[in-house]
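Note that our numbering has the sequence shown beginning at 714, numbered continuously upward. Idealized CB from N, CA, C, for every residue including glycine. Some notes on the structure that comes next.
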Amino acid sequence: MLKALIFDLDGVLTDTAELHYLAWKRLSDELGLAFDRVQNEALKGVGRLDSFEIILKNNGKNDAYTQPEKEKLATRKNEYYKELIKTLTKDDVLSGITELLTEARKMGLKTAVASVSRNAPEVLERLELTKYFDTVADAAKVKNSKPDPEIFLTCAEQLGVAPKACIGIEDSQAGIEGILSAGMFAVGINVTVTGRTPDLCLCSTEELKLDYLIKSFKVKR
């Protein structure tokens with residue numbers, strides 16, 4: 714029986730990918746590193762420090778900075794991002810999400826956010842979505858980034874629900890891998906599949922109808 718819905722944040726509840734891109738682009742320009750929107754796609758679902766490592770690797774500068782320097786620069790990027798998220802409002806919630814969360818609440822389903830962003834609580838507040846979630850697991854609570862399943866398993870544990878009774882909703886391949894490895898039903902939103910395939914593939918959040926999710930979950934389970 715389905716008992717919980719676990720949501721990624723960026724690209725599922727709201728589209729902050731552009732804000733992350735602008736923040737990384739600003740830092741990259743300051744450091745003289747090449748970075749564009751195509752490279753930005755590889756950072757979806759990846760933690761801040763790991764994202765910076767990818768940018769450095771793409772520029773052949775893996776060893777250009779010490780670990781403390783990398784952490785300091787990644788923190789600088791986050792400051793740029795935090796400036797940008799101050800512009801978010803409830804109007805930035807993706808289509809269909811508020812309706813899905815409202816219906817899930819009425820049905821007694823538990824809900825959680827699994828985001829690698831340490832800014833997840835602030836983003837939820839600005840989107841006015843905090844009231845819809847029982848718990849949030851972010852990078853501050855887990856050691857391993859997606860595709861490791863830790864963040865999804867942490868959500869299930871905090872909700873008191875078995876992983877097999879959860880649906881995870883993601884927009885990145887790394888996130889889908891994490892959901893499947895956690896033993897959950899995986900829903901992909903506009904995912905470019907390069908590895909394991911989601912249990913259910915949708916083109917947009919507008920297709921996230923609770924009755925459809927439940928039926929699809931039952932068929933697979």
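Checklist entry - Is it a yes or a no for the stretch 737-753 touching the stretch 762-773, going by three-plus beta-carbon pairs under 8 Å? => result yes
Checklist entry - Leaving out the 5 sequence neighbours to the left and right, which residues in its chain are closer than 7 Å to residue 813 when beta-carbon positions are compared? => result 921 and 923
Item to check | Boundaries of the alpha helix (DSSP H) in which residue 717 is found, first to last residue | outcome: For residue 717, there is no enclosing alpha helix (DSSP H); the residue is part of the beta strand (DSSP E) that begins and ends at 717-720.
Checklist entry - Is the beta carbon of residue 915 sitting closer than 9 Å to the one on residue 927? => result no
Item to check | Nonlocal neighbours in the same chain, by C-beta distance under 7 Å from residue 734, ignoring five residues either side | outcome: 750 and 753
Item to check | residue 725 versus 758, 715, 746 and 716, residue with shortest Cα-Cα distance | outcome: Nearest option by C-alpha distance: 758.
Checklist entry - Rounded to a whole number of angstroms, what is the C-alpha to C-alpha distance between residue 816 and residue 794? => result 32 Å
Checklist entry - Going by DSSP, which residues form a beta bridge with residue 881? => result 719 and 899
Checklist entry - Short check: CB of residue 729 to CB of residue 722, under 9 Å? => result Contact flag set, yes.
Next on the checklist: Using DSSP's beta-bridge definition, name the partner residues of residue 815.
Outcome noted: DSSP output for residue 815 lists no bridge partner at all.
Item to check | CB of residue 720 within 9 Å of CB of residue 827, strictly | outcome: yes
Checklist entry - Apart from the five residues on each side of it in sequence, which residues of its chain come closer than 7 Å, Cβ to Cβ, to residue 782? => result none
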